[in-house]
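Report on the following structure.
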Amino acid sequence: MTAFKRLFYAIWPDIDVKNQLVAVSRQIKSDKVVPPDNLHLTLLFLGQVDDKLYDALVIETNQLHHNKFSLELTDSGRFKRSGIFWLAPNSYPDELIKLVNNLSDLAVKNNIFIDDRPYRPHVTLARNIKSNMRINPPSIPWSVSNFCLVESKTLPQGANYQILHSWSLT
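Quick note, the sequence shown lines up with residues 100 to 269 if you use my numbering.
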């Protein structure tokens, strides 16, 4: 029987960035605030991937070489349709876009369907927010030195993320 994993590539915050994100999330009045250990910035959602394809993705991702980059999370907002409240950079470094594009190319090469909507990097702080909310987020600088491949499991108590593999940026 073939095993499947629900996977995505992401940037995981270091402890300093995570603590700043948690401080901002405390301003949100919701019972659907993202737990601190689940805070991340998605690079590319892959969906259900079998073990053979997972192995191929790891091997091919090992061949990618990208430079470190910095983000500054300065903007906040809500996606109306999904009710996701987020923090995001107001500009996207070239290295971030190159990384996302190369991961997308790798996925397409492996016959993985990817979303064709424009990439909007963000960190989800809360879900199911029904109305516009205003917070005054501080500017959160984020030096990105690695990215990872993550498995998402949906459990009765919510999502559980496990980092399966991590790659350093040079």
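Each residue gets a CB set at the ideal place from its N, CA and C atoms; glycine is no exception.
As the structure is a prediction and not an experimental result, all values here were calculated from the model.
Alpha-carbon spacing of Arg219 relative to Leu198, whole angstroms: 14 Å
Spatial neighbours of Glu171 in its chain, beta-carbon cut-off 6 Å, leaving aside the 5 residues before and after: Pro188, Ser238 and Pro240
Proximity to Ser169 [Cα-Cα], best of His264, Leu163, Ser244 and Ser175: Ser244
Same chain, Cβ closer than 8 Å to Asp174, neighbours up to 5 away in sequence not counted: Leu186, Ala187, Pro188, Asn189 and Pro236
Candidates Val207, His165 and Glu250: closest to His139 by CA position: Glu250
For Gln147, the three-state DSSP class (helix, strand or coil): strand
Sufficient close CB pairs (3 or more, under 8 Å) joining the stretch 145 to 158 to the stretch 220 to 227: no
Proximity below 8 Å, CB of Ile228 to CB of Gly182: yes
Asp174 - DSSP class collapsed to helix/strand/coil: strand
Exposure label - Ser242; buried when at least 16 CB within 10 Å: exposed
Closer than 7 Å: Pro236 CB and nearest the ligand NAD heavy atom: The ligand content of the structure shown is nil, which means the ligand NAD is not present either.
Buried/exposed call for Phe103, threshold 16 Cβ in 10 Å: exposed
Backbone secondary structure at Leu138 - three-state DSSP: coil
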